[in-house]
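Number of protein chains: 2
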Amino acid sequence: MSHTVGIRQAQKQKTRQALLDAALRLLEEQSLSSLGLREVTRAVGVAPTAFYRHFRDTADLGVALVEETLGSLHLTIGQALREPYDEARIERSVALVAELVRASPAHVRFIARERHGGVAAVRAAIGEQLDRFSEEVAAAFAGEPESAGWSGEDLRMLAGVYVDHMVMTASSFLEAGSGGEDKVRALAVRQLRLISLGRRHWLDGP
Amino acid sequence: MSHTVGIRQAQKQKTRQALLDAALRLLEEQSLSSLGLREVTRAVGVAPTAFYRHFRDTADLGVALVEETLGSLHLTIGQALREPYDEARIERSVALVAELVRASPAHVRFIARERHGGVAAVRAAIGEQLDRFSEEVAAAFAGEPESAGWSGEDLRMLAGVYVDHMVMTASSFLEAGSGGEDKVRALAVRQLRLISLGRRHWLDGP
DNA sequence: ACATCGAGTAAACAACCGTTCTCCGAAGAA
DNA sequence: TTCTTCGGAGAACGGTTGTTTACTCGATGT
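Next up, the structure:
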């Protein structure tokens, strides 16, 4: 038994990826619930029936797209969270979001659009991933001296605020385009400063 | 010339409203970009061609739906903002959102779904309305003693955080259903407390 | 070398779509 | 009353949709 992937499997993954890429491009101007199976296969240049070799339907493709977009992000976020809590941390995390949006805007648009979109399975998949992010952020916060005395519940609340804000910031970067990028960045930084200020005084006396 | 609406106009508005209602119901399980013209007229019980008497296409209907949902809300929000800034203000505003979601969940779902949805005109209409809300909240904040020394830019930033949080809370109420309502309410209240804390210390020395 | 597997093809299906054109009949204006 | 206006009905159009069935043909495992 060889561990090489084999010509066959390699070709399959190739067209599968082509389907995902084409779908992502088509989803820049519409929602997943209106994305047609034939539309995708036509863009790739394969027969409509070939679609079924990879996905049950477009909803299934959507779930795969969620995995592709958010699955690989846990590692990146994890590394960023390991960095020390200094003055420039806020700027760095916002810059990370900005770079992510610039690197793959279609992926970000897809997540923002389908997070509350019309396909239940995709909504659930995105929600699950975002919850995982919240848990990871909460775990990172728990190890910081600033979180001394915080309850686990409050930590998860705080993490949720940060995650939600990051998603919203990414969406704002998209809407603003390359022109208003600096404006969005400055706004996001000030909002994060506000939240950090709230965090610092969370345990102040009544 | 009589100022009575006339049987004719009244009937037109009636079917127009029926189209809007039917569309809103259909949009609970899909996105606007996949909503068919025939689908809507079938649900109402009129001929497909009757649709054109009221809307150019489904995107046009979507814009009308935005107006119906958010247009009447400015008055409600305005009244709530005129209330004094006491201890229970946060709970009251969250309760207002909860009641709004309970009263017309389909409208709220529509806004949350199409805010980043696949129809540009509708996205723009929602963004415009939300910007108006932000301006109104900022104007209300400007008249409060807690905002002394705040720049106009910072006030709009703060107002944006509150508006975004309200939209997000409304969406959370929807996802949670009637079962997890208390959980969402408690979470939203704590998040707002965090933000208020940041607001209170915004002008603290460096 | 040979039988099997399976990704992709081709054709056909009924169902549905948005849009146009023509017409009807009640409401409104004279 | 007579004439006009206009919301809605009806039929038909070309085009697209998802899905099924039968097929090809090169990679795969023995």
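Note that the protein sequences, when read in sequence, are chains B and U.
Per numbering that gives the first Met the number 0, the first sequence runs over residues 0 to 205.
Per numbering that gives the first Met the number 0, the second sequence runs over residues 0 to 205.
Quick reminder that beta carbons are idealized off the backbone N, C-alpha and C, glycines included.
Query, Result
"Distance, arginine 52 of chain U Cα to alanine 141 of chain B Cα", "60 Å"
"Any chain U beta carbon closer than 8 Å to serine 33 of chain B", "yes"
"Short Cβ contact (8 Å threshold) for arginine 131 of chain U with histidine 73 of chain U", "yes"
"Length of the line joining the Cα atoms of threonine 168 of chain B and valine 188 of chain B", "10 Å"
"Any chain B beta carbon closer than 8 Å to serine 150 of chain U", "no"
"Distance, glycine 116 of chain U Cα to threonine 57 of chain U Cα", "13 Å"
"Where valine 136 of chain B falls: helix, strand or coil (DSSP)", "helix"
"Residues near valine 100 of chain B by beta carbon distance below 8 Å, same chain, minus five either side", "Val107, Ala169, Phe172 and Leu173"
"Collapsed DSSP secondary structure at valine 118 of chain B in the structure displayed", "coil"
"Neighbour list for serine 30 of chain U in chain B, Cβ cutoff strictly below 7 Å", "Ser30, Ser32, Ser33, Gly116 and Gly117"
"Length of the line joining the Cα atoms of aspartate 59 of chain B and alanine 22 of chain B", "12 Å"
"Within chain B, the residues that valine 160 of chain U reaches when beta carbons sit closer than 9 Å", "His164, Gln190, Leu193 and Ile194"
"Beta-carbon separation (whole angstroms), valine 62 of chain B vs alanine 139 of chain B, contact threshold 8 Å", "Not a contact, Cβ separation roughly 27 Å."
"Exposure of serine 177 of chain B, with buried meaning 16 or more beta-carbon neighbours within 10 Å", "exposed"
"Distance, arginine 24 of chain B Cα to serine 103 of chain B Cα", "11 Å"
"Length at least 3, wholly inside the region 18-101 of chain U: the beta strand (DSSP E) runs in chain order", "none"
"Close-in-space but distant-in-sequence residues of the same chain around serine 30 of chain B (CB under 8 Å, 5 per side omitted)", "Arg112, Glu113, Gly116 and Gly117"
"Candidates U/Glu67, U/Leu18 and U/Ser33, of which the one nearest alanine 46 of chain U by Cα", "U/Leu18"
"For valine 183 of chain B and valine 162 of chain B, believed in contact at Cβ under 8 Å, the rounded distance", "The pair is not a contact, with the Cβ atoms about 18 Å apart (cut-off 8 Å)."
"Distance between glycine 77 of chain B and leucine 95 of chain B (C-alpha atoms, nearest Å)", "12 Å"
"Outcome for serine 71 of chain U when other beta-carbon atoms lying within 10 angstroms are tallied against a minimum of 16", "exposed"
"Straight-line gap, leucine 129 of chain U to glycine 44 of chain B (C-alpha atoms, nearest Å)", "42 Å"
"Continuous alpha helix (DSSP H) stretch holding alanine 185 of chain B: start and end", "180-199"
"Per-residue burial, leucine 34 of chain U [other beta carbons within 10 Å of its own, 16 or more giving buried]", "buried"
"Spatial distance of glutamate 28 of chain B from arginine 37 of chain U (CA atoms)", "22 Å"
"Under 7 Å by beta carbon: chain B residues contacting leucine 186 of chain U", "Met156"
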